[in-house]
Amino acid sequence: MAIFKLKINGKQYQVDVDPSTPVLWVLRDHLKMMGTKYGCGVAQCGACTIHLDGEAVRSCITFVDSVGDQEITTIEGLSENGDHPVQEAWLEHDVAQCGYCQPGQIMSAAALLNSNPHPGDEEIETAMSGNICRCGTYTRIKQAIKTAANS
Amino acid sequence: MTTTKIQFGRRSFIKSSVLAGGGLVLGFNLLAACNPGSVNELEIPEEWFEINAYLKIGENGVVSIMSKNPEFGQGVMTSMPMVIAEELDVDWKNVMVEQAPFDTVRFERQFTGGSQALRTSWQMLRTTGAAARQMLREAAAKAWNVPVAEITTAAGMLLHTSSGKKAGYGEFASAAAQMPVPTEVEMKEPKDFTIVGTSRKNVNGKDLVTGKPMFGLDVEKEGMLIATVAIPPAFGMKLKSFDATEAKAMPGIKDIFSFKTYNDDYKRNGFDTDAFTELVAIVGTSTWEVMNAKLMLNVEWEPFSDYEYTAAGRRGDQKVVVPAGLESTADHKLKMEEAAAKPGRIVRRDGNPEEAFKKAANIIERTYTAPYLAHFMMEPINFFADVRDDMVTVIGPSQAPEFVENTIAARLGIPVEKIDVQMTRMGGGFGRRAYNHYATEAAVISQKVKAPVKLIYSREDTTRFGVFRPTYYVTYRAALDENNNLTAFHAKAGGIPESPLHANRFPAGAVENYLAEEWSIDSNITIGAFRAPRSNFIGPAEQMFLDEVAEAAGKDPIQFRLDLFKRAQENPVGERNDYDAARYAGVLELVRDKSGWGQNDSGLKRGVAAYFCHNSYAAHVVDVVMENGQPRVEKVVSAMDCGIVVNPDAAVNMVEGAVVDGIGCAMYGEMTFTDGAPDKDNFDTYRMIRHNETPKSIDVHFVQNEIAPTGLGEPPFPPIFAALGNALFKATGTRYYNQPFIDNNFDS
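First to last, the sequence lines map onto chains A and B. Position 100 of the first sequence, counting from 1, maps to 100 under my numbering, and the rest follow consecutively. Position 713 of the second sequence, counting from 1, maps to 713 under my numbering, and the rest follow consecutively.
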């Protein structure tokens, strides 16, 4: 066990965990932030996507001892009032079915738009193909990303 | 308005013991506001008046509607309250929705499966809303001393036109709650609907996009421990012994022990799974710690011998035989070919099929196969349990909470009345969450460690403890006469461990000579419901075969089917034909017109298919393009007939999802086994459809009618497999008989 200081959504946190603990489980089990989802544990589904200094990463394979000073953003901290353009676009297109994968989809989409404010269809597909939606809402996700890009 | 006797929903007027706050007690997000935005935009009433189990009205006119069924993405949490709000005649902006508690005395059917939510609840939801409206009118009539017939309503207001009196529902909520329950109610004509038939946003939308805890895996309680289980590595194996010395010494570990899911004398029901009934539990303080400890656990498993047990079935008690053995996909294929070569059990026979085949000018015979499929719902298996001496609370994702209650009661020896089952939103289900062994497992573990426990399965174990879609096999034969008329049709279908045959579905009823037979092979690999069970194989196979028969007959595939439906309508063969030929033809005509079928589409590689299951009709046209030797679906046009569409945009979303899911399963879905062990257990090996493989557009249309709503979650799923298969033929010149399609070399 070791003590780690983490900056998450603009706030400082301290946890005492095994250094090999993935950030996913630090967030969920230790800090009770449930928005980041467990889907596969092997970086294949994207449900656990968070931002590390603005870049989308899979928190299920990001070990807590590798974070250092990098700033973590989770779905809870993407915007103060849930009104990030991507979140707004998700509501406008009523994207979700079961909704379980959507925090991860939204975090990937927000990171994509950070680096590429007006992605084309293929760029969206490439950037988002690591995020599985078992309900099959992909066409709406693509439309929502375009709406967010234009807002 | 039509006056209807209340036949449905009377039980919802049984008074609850607690007036307010009867909702889900998860400690978060009790309410979802129906206007986009948050609950905060609605002023929460100081006092609620319960009209019936579904409805509470606040003194300020805000209405709370219970959503009775478990929600797993099908949208019932929005659509079912919409129906009540419609007949209550309230402004949707002033409605909030709560997940109802599990209480089948007051809410009757609380089950997610079979695309039955709206079909079975439509009348009840309407009369529940209409009865509440009537009680409000009667309360106002009494206070204003005017005949109740003179009181009208509009968007949450009670109006008496001649005197000019008016009041909000809130003002009379208290008095209405005391009114006798009416025996007859007035219900709206569908043409007067103002909520039903208009698109309303998902009531949980905001919570979903902001990551609020809503799912079973998000449940968090004071003093809660985390548990996981070790399960046998293969079907056909059971626990022999284990050594937990090293694992117990790992940090955070509280206890490790083995347990049985069922008591030896317990009579299982159809949702109690066979496989893996003795497990090893690893209990600790965090998920990462229990998962690591599990790696250090030394467990010995051993093959089991044949065994049998008695299960409670729909048609009384049934003997279930579980064969021993470590099964492999290669053996399955051989066994299925052997079984298919023998005579099957005849389920339906019309005319003289043998004679018709003898006389045929042309016989087409084709065999179709599909592998096992795994559900891969995004939220892994989990359940929370808190077992105390006097009370059991279980919380989690379940499509079939009623069975959870009974199974746990039997296992713990605690009466059902002391078991409180609470439903969370489900991160997908697709059938898998009807089999809730894990709820009982969580309860047994909580009882042993005397603490609240959240049981979590890893993704790998979620897959390996599969209740799979079975592997299937069907051989079709069609006889054409010299004029290319279809004179006989023969289906011989089977699978492991069940047959997918629906003998009374199309083209039964449309062909003079018809034979349907089936067979099955026992197995110890557990199977169960998977989106449109059986239909998801037999529908596509039949629709791909008919495409090939139409081609052999030199006919357009849509016209070929329409001609058969005409026959089934005008002069049906046999008496038990499980479809309405006119509605079936209707979706084909709609998809033909909307896709521009046969009009300047000769350059397109397109396929069509239609199917009827779960009380609704679906048809799709799929356009495929070849990109670097691989097929990609460019466009899908869909036509549905599910009666009245309650929430149109959500319904479109559901069909889009079924289309994407079906294309994914048809192209990539495949579970195989080696010596009883599933060969794939995570997304790195089991291929699921992704963003870059999704159709570029999906264009969904509904037949407009005033027929009471039927299902939508499952019906669009089966025919998309076939529309894709038929389009692939157009794109490559090859017919694909075996799923998944990706196994074929499209370049050839």
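Just so it is clear, CB atoms sit at the ideal spot from N, CA and C, and this is done for glycine as well.
- Contacts with chain B at 9 angstroms (Cβ-Cβ) do not include I61/A.
- Annotation for A139/B: F172, A175, A176 and M179 place their beta carbon closer than 6 angstroms to its own, counting only its chain and skipping 5 residues before and after.
- Using a C-beta cut-off of 8 angstroms, the stretch 371 to 386 of chain B makes contact with the stretch 418 to 428 of chain B, since at least three inter-stretch Cβ pairs fall below that distance.
- Burial check for T310/B: the Cβ neighbour count within 10 Å stays below 16, so the residue is exposed.
- For P103/A, the neighbours in chain B by C-beta distance under 7 angstroms run, in chain order, G211.
- The Cβ atoms of L480/B and L564/B do not sit closer than 9 angstroms to each other.
- A508/B places its beta carbon 9 angstroms or farther from that of K492/B.
- With the criterion set as a beta carbon lying under 7 angstroms from some beta carbon of chain A, the members of the stretch 448 to 459 of chain B are S458 and R459, in sequence order.
- A contact between stretches requires three or more CB pairs, one per stretch, nearer than 8 angstroms, and the stretch 57 to 71 of chain B meets this requirement with the stretch 84 to 99 of chain B.
- For F215/B and R531/B, the gap between their C-alpha atoms comes out near 21 angstroms.
- Unbroken alpha helix (DSSP H) runs of no fewer than 4 residues, entirely contained in the stretch 111 to 174 of chain B, are found at 117 to 144, following chain order.
- Taking a C-beta cut-off of 7 angstroms against chain B, the contacting residues of the stretch 78 to 112 of chain A are G82, Q87, W90, L91, D94, A96, Q97, C98, G99, Y100, C101, Q102, P103 and I106, listed in chain order.
- Taking all protein chains in view, the Cβ of E570/B is surrounded by fewer than 16 other Cβ atoms within 10 Å, so the residue is classified as exposed.
- Ranking R432/B, D386/B and E417/B by CA distance to the CA of Q399/B puts R432/B first.
- For S458/B, no alpha helix (DSSP H) segment is defined, and its DSSP state is neither H nor E.
- Within the stretch 68 to 96 of chain B, the complete alpha helix (DSSP H) segments at least 4 residues long are 76 to 88, listed from N- to C-terminus.
- The Cβ of S66/A sits no closer than 9 angstroms to any Cβ of chain B.
- Around the beta carbon of D192/B, fewer than 16 other beta carbons lie within 10 angstroms, which makes this residue exposed.
- Judged by DSSP secondary structure, V322/B falls within the beta strand (DSSP E) whose first and last residues are G316 to V322.
- Secondary structure remark: continuous alpha helix (DSSP H) runs of at least 4 residues inside the stretch 546 to 599 of chain B, in chain order: 557 to 570 and 581 to 595.
- Around the beta carbon of R388/B, fewer than 16 other beta carbons lie within 10 angstroms, which makes this residue exposed.
- When secondary structure is reduced to three states using DSSP, K56/B falls in the strand class.
- For I408/B, the enclosing alpha helix (DSSP H) starts and ends at P401 to L412.
- Counted as a single uninterrupted DSSP element, the alpha helix (DSSP H) harbouring A722/B occupies residues F717 to T732.
- At a C-beta separation below 7 angstroms, G205/B has these neighbours in chain A: L91, D94 and A96.
- Identification of residues in the stretch 38 to 49 of chain A having a C-beta nearer than 7 angstroms to some C-beta of chain B yields Y38, G39, C40, G41, V42, Q44, C45 and A47, given in sequence order.
- Taking C-alpha positions only, E482/B is separated from G554/B by approximately 12 angstroms.
- Counting only the Cα atoms, Q70/A lies some 6 angstroms from L52/A.
- Annotation: the continuous alpha helix (DSSP H) that includes Q102/A extends over Q102 to S115.
- Following the DSSP letters along the chain, one finds C665/B inside the alpha helix (DSSP H) bounded by residues P648 to Y668.
- The beta strand (DSSP E) runs lying completely inside the stretch 45 to 89 of chain A and spanning 3 residues or more are 49 to 52, 55 to 58 and 71 to 73, given in chain order.
- The secondary-structure analysis by DSSP pairs T147/A with nothing; it has no beta-bridge partner.
- Listed along chain B, the residues sitting closer than 9 angstroms to T74/A by beta-carbon distance are G211.
- Close to K32/A, with beta-carbon spacing below 7 angstroms, are these residues of chain B in chain order: E220.
- Residues of the stretch 657 to 689 of chain B whose Cβ lies closer than 8 angstroms to any Cβ of chain A, in chain order: G657, A658, V659, V660, D661, G664, N682, F683, D684, M688 and I689.
- Taking 9 angstroms as the upper bound on Cβ-Cβ separation, chain A lies near no residue of the stretch 586 to 615 of chain B.
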